[in-house]
Amino acid sequence: MLENVKEKEAEWLVPQYIPKGQITVLGGDGGSGKTITWCALAAAISSGKKVFFDSVPEGFASYEPGKVLFFSSEDSIEHTLRARLRKAGGNLRNVFSVSLKDENFSEIKFNSAFLRQIIEQTRPALVIFDPIQSFIPPDVQMGQRNAMRSCLNPLIGMGEEFGCTFLIVVHTNKRQGVYGRNRVADSADIWDIARSVLIAGCTRDGKRYLSHEKSNYGELGETALFSVEDGIASFLEYTDKKDKDFVQERDYDSYQAPQRVDAENFIIDFLKHGKKPTAELDDAAKAAGITKSTLGRAKTKLRERGLLSGRSEGFGNSKIFYSYLIDKAL
Numbered sequence: 057m058l059e060n061v062k063e064k065e066a067e068w069l070v071p072q073y074i075p076k077g078q079i080t081v082l083g084g085d086g087g088s089g090k091t092i093t094w095c096a097l098a099a100a101i102s103s104g105k106k107v108f109f110d111s112v113p114e115g116f117a118s119y120e121p122g123k124v125l126f127f128s129s130e131d132s133i134e135h136t137l138r139a140r141l142r143k144a145g146g147n148l149r150n151v152f153s154v155s156l157k158d159e160n161f162s163e164i165k166f167n168s169a170f171l172r173q174i175i176e177q178t179r180p181a182l183v184i185f186d187p188i189q190s191f192i193p194p195d196v197q198m199g200q201r202n203a204m205r206s207c208l209n210p211l212i213g214m215g216e217e218f219g220c221t222f223l224i225v226v227h228t229n230k231r232q233g234v235y236g237r238n239r240v241a242d243s244a245d246i247w248d249i250a251r252s253v254l255i256a257g258c259t260r261d262g263k264r265y266l267s268h269e270k271s272n273y274g275e276l277g278e279t280a281l282f283s284v285e286d287g288i289a290s291f292l293e294y295t296d297k298k299d300k301d302f303v304q305e306r307d308y309d310s311y312q313a314p315q316r317v318d319a320e321n322f323i324i325d326f327l328k329h330g331k332k333p334t335a336e337l338d339d340a341a342k343a344a345g346i347t348k349s350t351l352g353r354a355k356t357k358l359r360e361r362g363l364l365s366g367r368s369e370g371f372g373n374s375k376i377f378y379s380y381l382i383d384k385a386l
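Straight run, no breaks: the sequence shown in my numbering ends on number 386.
Here it is, written out as structure tokens:
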């Protein structure tokens with residue numbers, strides 16, 4: 057009977073961001089910092105320290121070292137991952153894995169008895185799968201409705217039985233205008249079954265971000281901005297912006313770029329025979345359907361490249377401003 061069931065408060069592996077004993081999804085485009093993020097997390101758990109995106113102030117939480125079990129089919133343990141975990145401060149005695157070279161690696165699937173055996177023997181606090189496709193049973197189609205839910209259900213059972221938390225790494229869609237649950241590639245079920253979703257990405261000024269996009273146990277955490285040096289994540293600051301905001305900035309930039317390039321080519325062609333009054337250039341661009349803002353960006357870009365310049369000639373009311381290409385100044 058339900059009256060015999062004890063209510064429990066949510067427990068956290070990383071306060072507000074990653075709930076204990078549940079599935080968290082970490083998504084991102086290639087090169088966005090997904091591997092660096094999970095390596096930082098694994099290192100922190102293994103050594104009993106705060107991970108870079110943990111927003112709890114120093115001294116307000118205690119951390120105990122825990123075991124970490126990871127499976128990666130994209131990066132070599134020997135050539136990449138061991139060094140990243142070491143540099144991030146991980147206690148390598150608490151980190152376990154199965155090499156991609158091991159003949160048993162192919163048996164590691166979300167619903168396999170072999171995975172359960174490894175977890176039962178290791179008793180890790182955190183289990184990481186990177187990427188999701190490598191650990192889906194061959195008879196499961198990711199795009200089929202509810203297929204991934206039944207495939208991932210065994211993890212929920214093991215989380216409750218062994219007290220381990222699961223982090224699953226996924227790729228994200230790059231389609232314009234896509235964010236939220238539609239950012240998770242291949243299957244919407246993955247978003248639905250996860251209790252927390254984190255998205256890693258790059259800002260327009262070269263920083264990295266980790267945006268908390270879903271939480272079933274409370275408010276979303278702030279987005280952490282971080283830098284990467286020598287493969288190590290370094291926290292910069294928090295921001296209220298979410299993945300949607302960064303995606304829209306990216307889409308806006310990609311939409312503007314072709315227009316600006318067309319405007320640059322127009323300017324070069326218009327001035328190819330020598331200097332022309334700037335007003336004449338502006339009027340011709342307007343007649344060609346180039347907006348004032350696009351023309352301004354094109355002029356700025358050409359100046360930065362050392363191709364465009366200008367000067368005034370005359371005095372008083374007879375002063376005229378001219379634009380010209382650097383090699384067509386006369």
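All C-beta atoms in this analysis are idealised placements derived from N, C-alpha and C, irrespective of residue type, glycine included.
Considering residue i, what are the terminal residues of the alpha helix (DSSP H) in which it resides?
| i | result |
| --- | --- |
| residue 351 | 348 to 360 |
| residue 176 | 169 to 178 |
| residue 141 | 138 to 143 |
| residue 102 | 90 to 103 |
| residue 338 | 334 to 343 |
Smallest Cα separation from residue i: which of the options?
| i | options | result |
| --- | --- | --- |
| residue 365 | 371, 377 and 181 | 377 |
| residue 100 | 166, 181, 132 and 116 | 181 |
| residue 248 | 204, 197 and 141 | 204 |
| residue 73 | 169, 328, 368 and 280 | 280 |
| residue 356 | 319, 111 and 71 | 319 |
| residue 108 | 374, 282 and 297 | 282 |
| residue 186 | 299, 76, 103 and 80 | 80 |
| residue 389 | 164, 304, 243 and 250 | Missing from the structure shown is residue 389; the chain here goes from 57 to 386 and no further. |
| residue 114 | 71, 368, 78 and 135 | 71 |
| residue 288 | 87, 95 and 88 | 95 |
| residue 135 | 166, 293 and 156 | 156 |
| residue 214 | 260, 306, 76 and 119 | 76 |
| residue 284 | 299, 246, 275 and 265 | 265 |
| residue 334 | 361, 137 and 367 | 367 |
| residue 120 | 83, 102, 170 and 87 | 102 |
| residue 69 | 295, 220 and 173 | 220 |
| residue 315 | 346, 302 and 324 | 346 |
| residue 166 | 224, 217 and 359 | 224 |
Any idea which residues DSSP pairs residue i with across the strands?
| i | result |
| --- | --- |
| residue 220 | According to DSSP, which records beta bridges pairwise, residue 220 is partnered with nothing at all. |
| residue 369 | 376 |
| residue 284 | 289 |
| residue 270 | 253 |
| residue 186 | 128 |
| residue 364 | 381 |
| residue 207 | In the DSSP output, where bridge partners are listed per residue, residue 207 has none listed. |
| residue 228 | 240 |
| residue 295 | 279 |
| residue 264 | 258 and 282 |
| residue 75 | 68 |
Alpha carbon to alpha carbon, how far is residue i from residue j?
| i | j | result |
| --- | --- | --- |
| residue 330 | residue 321 | 15 Å |
| residue 58 | residue 64 | 13 Å |
| residue 67 | residue 150 | 21 Å |
| residue 382 | residue 337 | 16 Å |
| residue 343 | residue 332 | 16 Å |
| residue 105 | residue 131 | 24 Å |
| residue 210 | residue 350 | 54 Å |
| residue 352 | residue 239 | 33 Å |
| residue 379 | residue 326 | 10 Å |
| residue 28 | residue 112 | Here the chain comprises residues numbered 57 to 386, so residue 28 is not present and cannot be evaluated. |
| residue 286 | residue 162 | 31 Å |
| residue 164 | residue 291 | 33 Å |
| residue 128 | residue 271 | 25 Å |
| residue 273 | residue 363 | 56 Å |
| residue 1 | residue 234 | Because the chain is modelled from 57 through 386, residue 1 falls outside the range shown and cannot be assessed. |
| residue 192 | residue 207 | 7 Å |
| residue 293 | residue 124 | 27 Å |
| residue 168 | residue 244 | 23 Å |
| residue 306 | residue 369 | 41 Å |
| residue 241 | residue 269 | 15 Å |
| residue 385 | residue 371 | At residue 385, the pLDDT of 45 sits below 50, so the modelled position is not reliable; the number obtained from the coordinates is stated separately. If I take the Cα positions, the gap works out to 20 Å. |
Which residue marks the beginning of the beta strand (DSSP E) containing residue i, and which one marks its end?
| i | result |
| --- | --- |
| residue 80 | 79 to 84 |
| residue 69 | 68 to 70 |
| residue 151 | 151 to 153 |
Give a single yes or no on whether residue i has its beta carbon closer than 7 Å to a heavy atom of the ligand SAM.
| i | result |
| --- | --- |
| residue 256 | Among the components of this structure there are no ligands whatsoever, and the ligand SAM is therefore not found. |
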